[in-house]
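Contents: one structure, followed by commentary.
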């Protein structure tokens, strides 16, 4: 796919290339693994001291991301990933706020994994050792001839041939490249959490047993649900697992407009956040079975966040230099599409291939960055556009007129979608 090489190739045939990565999220760590394995000198700067303390829950990895990880990681880590994740090959059901089926989409039948963020982050950090510099924040950078100097908040600096910003939506690196923030709020916020599967009512359990769910209701509200059970649903068994989730649980996310779920909610206590999320659904007359999933959540597992997105027509529009970015730093993807981590991993594989070619002397570092950014733009734009579609659906129901239309149209759409699904099952 991306033409990755072994560590021996880069060391024997190339020149020394040092890469600094700002951010030890999924994309930054995946890139570091690939560069380290290919024999390049890499250092990763990360503000967190503990990589296990990370926001977010379930991540979806489809065929492109899994192919990229096979290229970036040692085979033993690829095996451990498959043993620590759950199969995610059932697609996603789009339902209305009463639980009625509207449509079924996604990649049902294709290889895909469902892994929690902490598990994947720790797995990607495995073996990097001195490559990681934790507890340090990037404050800026400057290009000095053929070197890049990255300044850190402790007064120290890192010198490299190439700098990669993998520092998320509010990226210091990408903002400097673009001369402005690379993402903007979508007008939606979310509350994410998890609920132990054994406390769910039977009707709710039946819904999540079939597939992941994206439900849309009136008043600018939505709900995402996915059953996560890596110990029972892993595609392989090797006698060990790195999964941090030990019991079946439903990962959920309540989505609403910023007016309904204001950003200041993040300063509230965990029980208050759960109540606020459940109230959004109750006011929209959501089915009791769906609301109960939120109401029975573990309060300590909830978080509040705003949805941000890049402009798909303006991704990495700067001239290529020795500084670039990947993942949400350059193309923020709202979680409604489930594409953020997977897209960042593919970014990492393509950038690793380009930088390894530079280490072998086949291209200059700047041309390596140019080759990567040229491939990045159309692929990332597609991911952002796809993820913005549900945002548009939810926002459309937020107006009084939209709510009226939603209450009338969603049951009809569910009736048509259910009939179509029944026909497909009989074929």
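Numbering (the working numbering), first residue to last: 576 to 1002. Using N, Cα and C, we set each Cβ at its ideal position, and we do this for glycine too. Being a predicted model, the structure only gives us computed values, none of them experimental.
C-beta atoms of residue i and residue j nearer than 8 Å
| i | j | result |
| --- | --- | --- |
| residue 901 | residue 919 | yes |
| residue 749 | residue 740 | yes |
| residue 744 | residue 917 | no |
| residue 806 | residue 816 | yes |
| residue 697 | residue 636 | no |
| residue 706 | residue 617 | yes |
| residue 692 | residue 629 | yes |
| residue 784 | residue 802 | yes |
| residue 861 | residue 768 | no |
| residue 626 | residue 644 | no |
| residue 670 | residue 788 | yes |
| residue 640 | residue 921 | yes |
| residue 776 | residue 867 | yes |
| residue 772 | residue 780 | yes |
Cut-off 8 Å between Cβ atoms - residues of its own chain near residue i, not counting five sequence neighbours on either side
| i | result |
| --- | --- |
| residue 723 | 595, 716, 717, 734, 735, 736, 737, 738, 897, 898 |
| residue 711 | 620, 621, 622, 727, 728, 729, 731 |
| residue 694 | 659, 660, 805, 817, 818, 819, 820 |
| residue 638 | 682, 685, 686, 687 |
| residue 633 | 689, 690, 691, 692, 801, 803, 826 |
Simplified DSSP state of residue i, which is helix, strand or coil
| i | result |
| --- | --- |
| residue 769 | strand |
| residue 734 | strand |
| residue 778 | helix |
| residue 632 | coil |
| residue 822 | coil |
| residue 707 | strand |
| residue 836 | coil |
| residue 810 | coil |
| residue 659 | helix |
| residue 667 | strand |
| residue 969 | helix |
| residue 908 | coil |
| residue 637 | coil |
| residue 844 | coil |
| residue 673 | coil |
| residue 872 | coil |
Residue i to residue j span [Cα, whole Å]
| i | j | result |
| --- | --- | --- |
| residue 923 | residue 810 | 24 Å |
| residue 1012 | residue 615 | The shown model of the chain, from 576 to 1002, leaves out residue 1012, and the question about it has no answer. |
| residue 621 | residue 758 | 21 Å |
| residue 778 | residue 864 | 6 Å |
| residue 765 | residue 610 | 35 Å |
| residue 675 | residue 647 | 41 Å |
| residue 848 | residue 934 | 49 Å |
| residue 661 | residue 690 | 6 Å |
| residue 950 | residue 742 | 20 Å |
| residue 927 | residue 606 | 6 Å |
| residue 725 | residue 603 | 16 Å |
| residue 791 | residue 702 | 42 Å |
Beta-bridge pairing of residue i - partner residues as DSSP gives them
| i | result |
| --- | --- |
| residue 716 | 725 |
| residue 740 | 597, 900 |
| residue 827 | 768, 800 |
| residue 621 | 709 |
| residue 679 | 668 |
| residue 916 | Bridge partners of residue 916: none, in fact. |
| residue 759 | 884 |
| residue 792 | 796 |
Close Cβ partners of residue i (< 6 Å) along its chain, the five nearest in sequence each way excluded
| i | result |
| --- | --- |
| residue 911 | 962, 965, 966 |
| residue 808 | 661, 662 |
7 Å Cβ shell around residue i - same chain, five flanking residues per side excluded
| i | result |
| --- | --- |
| residue 752 | 893, 898, 900 |
| residue 973 | 794, 795, 832 |
| residue 915 | 903, 908 |
| residue 653 | 644, 645 |
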